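Colleague:
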Amino acid sequence: MEHQLGHTLVLIVFLGVFSQWAAWWLRMPAIVLFLVSGVLAGPVLGLVDPSADFGDILRPVVGLAVAVILFEGGLSLHWHEFREAAAGVKRLITVGAALTWTFASTAAYFIGGLSLPVSLVFGAILIVTGPTVIIPMLRQAGLNRRTASYLKWEGIINDPIGALLAVLVFQYFVVTGDTSNGAQVFVDLGWALLVSLVMGAGTGYALGWAFNRTLVPEYLKAPATFALVLVIYTLANMVFAEAGLLAVTVMGMVMGNMQIAGMVELRRFKEYITILMVAVVFVVLTADLDPQVLSHLDWHAAALVLAVMFVVRPAAVLLSTMFSGMDWRDRVLLAWIAPRGIVAAAVAGVFGPFMVEAGYDGAELLLPLIFAVVFSTVILHGFTLGRLSRWLRLSADPHGVLIVGASPWTTELARALTNELNVSTLLVDSSWHRLRQARLAGVRVLYGEVLSDQIQQSLELNEIACLLAATSNDAYNALVCNAFSKNLEHDRVFQLPMYAADQSNEAKLVAQPLRGRPAFHENAQYEELWRRHFQNWQFFKAKLSDTYGYEDFRRDLPPEAFVIAVLYQDGILLFRPAYRNGHRPSAGDTIVYYAPRRSQTTRPDDTEDADDADAGDKPDA
2 MEHQLGHTLV LIVFLGVFSQ WAAWWLRMPA IVLFLVSGVL AGPVLGLVDP
52 SADFGDILRP VVGLAVAVIL FEGGLSLHWH EFREAAAGVK RLITVGAALT
102 WTFASTAAYF IGGLSLPVSL VFGAILIVTG PTVIIPMLRQ AGLNRRTASY
152 LKWEGIINDP IGALLAVLVF QYFVVTGDTS NGAQVFVDLG WALLVSLVMG
202 AGTGYALGWA FNRTLVPEYL KAPATFALVL VIYTLANMVF AEAGLLAVTV
252 MGMVMGNMQI AGMVELRRFK EYITILMVAV VFVVLTADLD PQVLSHLDWH
302 AAALVLAVMF VVRPAAVLLS TMFSGMDWRD RVLLAWIAPR GIVAAAVAGV
352 FGPFMVEAGY DGAELLLPLI FAVVFSTVIL HGFTLGRLSR WLRLSADPHG
402 VLIVGASPWT TELARALTNE LNVSTLLVDS SWHRLRQARL AGVRVLYGEV
452 LSDQIQQSLE LNEIACLLAA TSNDAYNALV CNAFSKNLEH DRVFQLPMYA
502 ADQSNEAKLV AQPLRGRPAF HENAQYEELW RRHFQNWQFF KAKLSDTYGY
552 EDFRRDLPPE AFVIAVLYQD GILLFRPAYR NGHRPSAGDT IVYYAPRRSQ
602 TTRPDDTEDA DDADAGDKPD A
């Protein structure tokens, strides 16, 4: 038995991680592959049967995993985002939640044919939009920060609120069986909210206070946080059912907005844990589906799911955000995007059997209906979010370049990328004087310390494809790269090569794991680039074609010149020596290189294949 359970756990973890990798490779929503993997492993092939394999521990373990996921979501909720989207978020988590409950319950009663108690529980569950689904979708969709904050805040805040409301309605009808005192529902909800806020906020503040005063050693910060999240979730649930979800969310919000030493590493650790848990829990819940349960669905169920997606959600969002000052495009996107996930499925799985035992009409349809909504919204919203955001012009352009450190050389590089290649380039420096030439050249600049909270908050990181740290301080360049590698892939973060009289002497260099990738060429140090700039070196470009390939370009490249970057056909620019997915540049890609001015050397695009190479004039110097 233990041997078989071990195999099951390994298979579930593998399917979860493999699904995320495949989704990244195929550029499709990971949540869709979670569902596919779970269905194949469970109902179709019978390799996994979570209820039988894990028994009574399945639901508690899923609940603890959801608690950790919501805590990590709370860590990502920053007050500066809330201030930017405050009016819309307040409407969505108050008026929007109430309208969703009302409209969904009404649709379940009149269209789905469910009894009133089951309809009210169904409507409460649908308030939940699920950070476990939203956050992976946002990671791939590339929405601008404002629009993403609407979805993120709504999903994370409404997740525990919807679950709490479902518990209250369930207790009202099933546990007490007393329908004479409707006001008690709201009293109980207020009590649950108070308990959650006090326990979550108090614990989060106390833990942050202890971290900042070094009362907890660095190596224990992540384990201590993880343990306390589970403790607070359990204690709050003992006071009131499902109050733990809101408590851990509030705890995460408090800690995420405190200036806690080591928060970056803590947040990164929690993100890794959350990615694994989201994958595993979704595969488990989907594999646990009973095909017989889905057989209860008929045309009434199909009509109800369509009403939820095309009537209930749009009406709730559009009505609740009227006169809120939100951009109409944000309202349209939010009116469509509302995927449901783990919490909705878990709550329905708990309440459905109890309501069947209590004899409520339609209770046997609660779980299959919620799963039908989960499947429909995850698949349709997952595949349409990116397309709709681009159509509404709400997605950030992921092709930008961020250059840290203004100098004559970086100013010229930024101008060449901006004016000659139409690459969105942002030059950041803490000296207004050093940015002067870039401003006059029409380059987009940002004045301030790139590592400050204010600059970090103002940057649209979804717009950045790669970063170049090019200041005169090698250690600072490494610090910048290390900070941004948390948001960008490590192969997208570059710095000028570090200078040492003996490059083999690692004692004179910043440790390798803390550096960015060395850009361009091993001799392209800051001082050397300045020297070549004042020797009138310039930036050139050569576009590869079927008749003028990469090997032809390398043959014609002057020996003293070096390649700066490759602009791929889809608009992504990467600094050398990185290559897209490990592949060398091919036909349609443009190579940017740095060489002596034209009168001093022969350019690759001055060869007999110059027309085929589509070489443009050099950027204005």
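Take the sequence shown: its letters are residues 2 to 622, numbered as in my numbering. We put the CB at the ideal spot given by N, CA and C, even for glycine. Nothing here was measured: the structure is a model prediction, and the numbers come from that model.
(1) Who are the Cβ neighbours of LEU16 in its own chain at under 7 Å, not counting the five residues just before and after it?
(2) Below 9 Å between beta carbons: does that hold for GLY406 and ASN420?
(3) Assess, as a yes-or-no matter, whether the segment 389-396 is touched by the segment 361-369 under the definition of 3 or more beta carbon pairs within less than 8 Å.
(4) Under the DSSP definition of a beta bridge, which residues are partnered with TYR594?
(5) Is ALA223 near ILE233, with beta carbons less than 9 Å apart?
(6) Under the rule that 16 or more other beta-carbon atoms within 10 Å means buried, what is PRO44, buried or exposed?
(7) Find out if the Cβ-Cβ distance for the pair PHE521, PRO597 is shorter than 9 Å.
(8) Please report the distance separating the alpha-carbon of ILE60 from that of ASN524.
(9) Only counting runs of 3 or more residues, tell me where the beta strand (DSSP E) segments fall wholly within the segment 366-419, in order along the chain.
(10) With a CB to CB cut of under 6 Å and the five nearest residues on each side skipped, what residues in its chain are close to ILE465?
(11) ASP557: buried (16+ other C-beta within 10 angstroms of its C-beta) or exposed?
(12) Out of GLU450, THR426, VAL424, PRO409, which has the shortest C-alpha to C-alpha gap to ARG435?
(13) List the whole-angstrom C-beta distance separating ALA562 from PHE576, where the pair is believed to meet the contact cut-off of C-beta under 8 Å.
(14) Tell me, to the nearest whole angstrom, how far the beta carbon of GLY363 is from that of GLY113; I am working on the premise that it is less than 8 Å.
(15) Which residues does DSSP list as the beta-bridge partners of PRO519?
(16) Which residue comes first and which comes last in the beta strand (DSSP E) that contains PHE576?
(17) Based on DSSP bridge pairs, tell me the residues matched to VAL446.
(18) Judging by CA-CA distance, which residue of TYR549, THR411, LEU468 is the nearest neighbour of ARG518?
(19) Which whole-angstrom value describes the C-beta separation of LEU100 and ALA109, a residue pair presumed to lie in contact below a C-beta threshold of 8 Å?
(20) In three-state DSSP terms, what is ILE261?
(21) With DSSP run on the structure shown, which of helix, strand or coil describes LEU216?
(22) Using three-state DSSP, classify LEU247 as helix, strand or coil.
(23) Report yes if the CB atom of ASP492 is closer than 9 Å to the CB atom of ALA288, and no otherwise.
(24) DSSP state of ILE465, grouped into three classes?
(25) Is the beta carbon of ILE94 closer than 9 Å to that of TRP192?
(26) From this set, THR472, VAL199, GLU243, GLN496, which residue's C-alpha is nearest ALA68's C-alpha?
(27) Taking the alpha helix (DSSP H) that GLN438 falls in, what are its first and last residues?
(28) Can you name the start and end residues of the alpha helix (DSSP H) that PHE352 belongs to?
(29) For PHE72, tell me which candidate among LEU418, PHE535, ILE13, THR275 has the shortest Cα-Cα distance.
(30) When the Cα atoms are used, what is the spatial distance from PHE495 to LEU414?
(31) Grab me the residues of VAL313's own chain with a C-beta within less than 7 Å of its C-beta, minus the 5 sequence neighbours each way, in chain order.
(32) Could you pull the DSSP bridge partners for LEU144 from this structure?
(33) Among the residues of its own chain, which have a CB less than 8 Å from the CB of ALA588, if the five just before and after it don't count?
(34) Counting along the chain, where does the alpha helix (DSSP H) carrying PHE535 start and finish?
(35) Starting from GLY124 and walking both ways along the alpha helix (DSSP H), at which residues does that stretch end?
(36) Let me make sure I understand the geometry here. Which of ALA53, MET252, TRP392 has the alpha-carbon closest to that of LEU290?
Modeller: Per the coordinate set shown:
(1) As a first step, residue 16 must be located in the sequence shown, where it is residue number 15. Within the same chain, LEU16 has close Cβ partners SER38, ALA42, VAL284.
(2) The residue given as residue 406 occupies position 405 in the sequence shown. The residue given as residue 420 occupies position 419 in the sequence shown. At a Cβ-Cβ threshold of 9 Å, GLY406 and ASN420 do not count as neighbours.
(3) Taking a cut-off of 8 Å for Cβ pairs, the segment 361-369 and the segment 389-396 do not touch, as fewer than three such pairs fall below it.
(4) The residue given as residue 594 occupies position 593 in the sequence shown. Note: TYR594 sits in a beta bridge opposite PHE541, VAL564.
(5) Taking the first residue of the sequence shown as 1, we reach residue 223 at position 222. Taking the first residue of the sequence shown as 1, we reach residue 233 at position 232. Between ALA223 and ILE233, the CB-CB gap reaches or exceeds 9 Å.
(6) Within the sequence shown, numbered from 1, the residue matching residue 44 stands at position 43. Burial check for PRO44: the Cβ neighbour count within 10 Å reaches 16 or more, so the residue is buried.
(7) Numbered from 1 along the sequence shown, position 520 holds the residue referred to as residue 521. Numbered from 1 along the sequence shown, position 596 holds the residue referred to as residue 597. Against a cut-off of 9 Å, the Cβ pair of PRO597 and PHE521 comes out as no contact.
(8) Working through the sequence shown from its first residue, we reach residue 60 at position 59. Working through the sequence shown from its first residue, we reach residue 524 at position 523. The question names Ile, yet the displayed sequence has Arg at residue 60. If I take the Cα positions, the gap works out to 59 Å.
(9) Correct list: 401-405.
(10) The sequence position of residue 465 within the sequence shown is 464, counting from 1. Annotation for ILE465: GLY401, LEU403 place their beta carbon closer than 6 Å to its own, counting only its chain and skipping 5 residues before and after.
(11) Residue mapping note: residue 557 aligns to position 556 of the sequence shown, counting from 1. So ASP557 ends up on the buried side.
(12) Locating residue 435 in the sequence shown gives position 434, counting from the first residue. The residue with the shortest Cα to Cα distance from ARG435 is PRO409.
(13) Counting from one through the sequence shown, the residue named residue 562 turns up at place 561. Counting from one through the sequence shown, the residue named residue 576 turns up at place 575. 15 Å between Cβ atoms; not a contact.
(14) As a position in the sequence shown, residue 363 is number 362, starting the count at 1. As a position in the sequence shown, residue 113 is number 112, starting the count at 1. Cβ atoms of GLY363 and GLY113 come within 8 Å of each other, at about 7 Å.
(15) Against the sequence shown, residue 519 aligns to sequence position 518. Beta-bridge partners assigned by DSSP to PRO519: GLN496.
(16) On the sequence shown, residue 576 is found 575 positions in, with the first residue counted as 1. 574-576 is the span of the beta strand (DSSP E), which, as asked, contains PHE576.
(17) Your numbering for residue 446 matches position 445 in the sequence shown. VAL446 pairs with LEU428.
(18) Against the sequence shown, residue 518 aligns to sequence position 517. Ranking TYR549, THR411, LEU468 by Cα distance to ARG518 puts LEU468 first.
(19) Residue mapping note: residue 100 aligns to position 99 of the sequence shown, counting from 1. Residue mapping note: residue 109 aligns to position 108 of the sequence shown, counting from 1. The beta-carbon distance between LEU100 and ALA109, rounded to whole angstroms, is 15 Å. This is too long to meet the 8 Å contact definition.
(20) Along the sequence shown, read from residue 1 onward, the residue named residue 261 stands at position 260. It is coil, neither helix nor strand.
(21) Within the sequence shown, numbered from 1, the residue matching residue 216 stands at position 215. Assigned with DSSP and collapsed to three states, LEU216 falls in coil, not helix or strand.
(22) Along the sequence shown, one-based indexing puts residue 247 at 246. It is helical.
(23) Here the question's residue 492 lines up with position 491 in the sequence shown. Here the question's residue 288 lines up with position 287 in the sequence shown. Taking C-beta atoms as the reference points, ASP492 and ALA288 fail to come closer than 9 Å.
(24) For this step, residue 465 is matched to residue 464 along the sequence shown. Strand at ILE465.
(25) Here residue 192 refers to the residue found at position 191 of the sequence shown. Here residue 94 refers to the residue found at position 93 of the sequence shown. The answer is no: Cβ separation not under 9 Å.
(26) The count along the sequence shown starts at 1 and reaches residue 68 at position 67. Residue GLU243 is the option with its Cα nearest to ALA68.
(27) The residue labelled residue 438 in the question sits at position 437 within the sequence shown. Counting along the chain, the alpha helix (DSSP H) containing GLN438 begins and ends at 437-441.
(28) Here the question's residue 352 lines up with position 351 in the sequence shown. Counting along the chain, the alpha helix (DSSP H) containing PHE352 begins and ends at 343-358.
(29) Your numbering for residue 72 matches position 71 in the sequence shown. When only C-alpha atoms are compared, the closest one is THR275.
(30) Stepping through the sequence shown from its first residue, residue 495 is reached at position 494. Stepping through the sequence shown from its first residue, residue 414 is reached at position 413. The straight-line gap from Cα to Cα measures roughly 15 Å.
(31) In the sequence shown, residue 313 corresponds to position 312, counting from 1. By the criterion of a C-beta distance shorter than 7 Å, VAL313 is surrounded in its chain by THR101, PHE104, ALA105, ALA108, once the five residues flanking it on both sides are discounted.
(32) For this step, residue 144 is matched to residue 143 along the sequence shown. Answer is SER396, bridged to LEU144.
(33) Against the sequence shown, residue 588 aligns to sequence position 587. Closer than 8 Å at the Cβ level, and outside the excluded window around ALA588, lie LEU545, SER546, ASP547, GLY550.
(34) In the sequence shown, residue 535 corresponds to position 534, counting from 1. Secondary structure note for PHE535: its alpha helix (DSSP H) is the uninterrupted segment 527-535.
(35) Here residue 124 is taken as the residue at index 123 of the sequence shown, counted from 1. From DSSP, the alpha helix (DSSP H) with GLY124 extends over 117-126.
(36) On the sequence shown, position 289 is the one that residue 290 refers to. Checking every option, the nearest Cα to that of LEU290 belongs to ALA53.
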